[in-house]
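One structure is given below, encoded as structure tokens.
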Amino acid sequence: MKKLSVIMMLTLVLTGCKNGFEGEYSAKTGSDNEVLSNIAQYAPHDNIVIGENYIDVEGQRTQFDKIFERKSGGKRYLVFVKNGNEDVWKIIDDNTLVQEKGILNVTYHRIKIVK
Numbered sequence: 015m016k017k018l019s020v021i022m023m024l025t026l027v028l029t030g031c032k033n034g035f036e037g038e039y040s041a042k043t044g045s046d047n048e049v050l051s052n053i054a055q056y057a058p059h060d061n062i063v064i065g066e067n068y069i070d071v072e073g074q075r076t077q078f079d080k081i082f083e084r085k086s087g088g089k090r091y092l093v094f095v096k097n098g099n100e101d102v103w104k105i106i107d108d109n110t111l112v113q114e115k116g117i118l119n120v121t122y123h124r125i126k127i128v129k
């Protein structure tokens, strides 16, 4: 019985570690600038996979110390932490993320949930 309690507790703890945005995403590059937006449509649009603590792009995996959601100023952000540094993406909705890269933005739409 004690063993079962420990297993149940570990299951609950591990389940709580998910970031809620695990899945496969399609990418689209764009810009508020019309000329850049037209050029950006020719940029490669690789799918990415976001896991509990990693991102896979074309088979190349980047591990993070943690990935979590932050709420600030009424907005939501997905935060990727690695070696104390943060990369922050805007959360548009539960299936759409935006990575701002200066004058260009990459919008990711979830196309499949990965468990």
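Numbers given in the working numbering equal positions in the sequence shown, counted from 1, plus 14.
All residues carry an ideal CB built from backbone N, CA and C; glycine is no exception.
Glutamate 38 - DSSP class collapsed to helix/strand/coil: The count along the sequence shown starts at 1 and reaches residue 38 at position 24. Strand.
According to DSSP, simplified to helix, strand and coil, what is glutamate 72? Reading the sequence shown from its first residue, position 58 is the one you call residue 72. Coil.
Where valine 128 falls: helix, strand or coil (DSSP): Stepping through the sequence shown from its first residue, residue 128 is reached at position 114. Valine 128 falls in the coil class under three-state DSSP.
Hey, how far is the Cα of arginine 84 from the Cα of aspartate 70? Position 70 of the sequence shown, counted from the start, is the residue given in the question as residue 84. Position 56 of the sequence shown, counted from the start, is the residue given in the question as residue 70. Computed Cα separation, rounded: 22 angstroms.
Selected residue, minimal CA-CA separation from valine 102, among Asp60, Phe82, Arg124: The residue given as residue 102 occupies position 88 in the sequence shown. The residue with the shortest Cα to Cα distance from valine 102 is Phe82.
Relative to the alpha-carbon of tyrosine 39, which residue among Gln113, Asp79, Ile64 has its alpha-carbon at the smallest distance? Walking along the sequence shown from the start, residue 39 turns up at place 25. Minimum Cα distance to tyrosine 39 is reached at Ile64.
Identify the residues that DSSP records as bridge partners of valine 95: which are they? Within the sequence shown, numbered from 1, the residue matching residue 95 stands at position 81. Partner(s): Lys80, Glu100.
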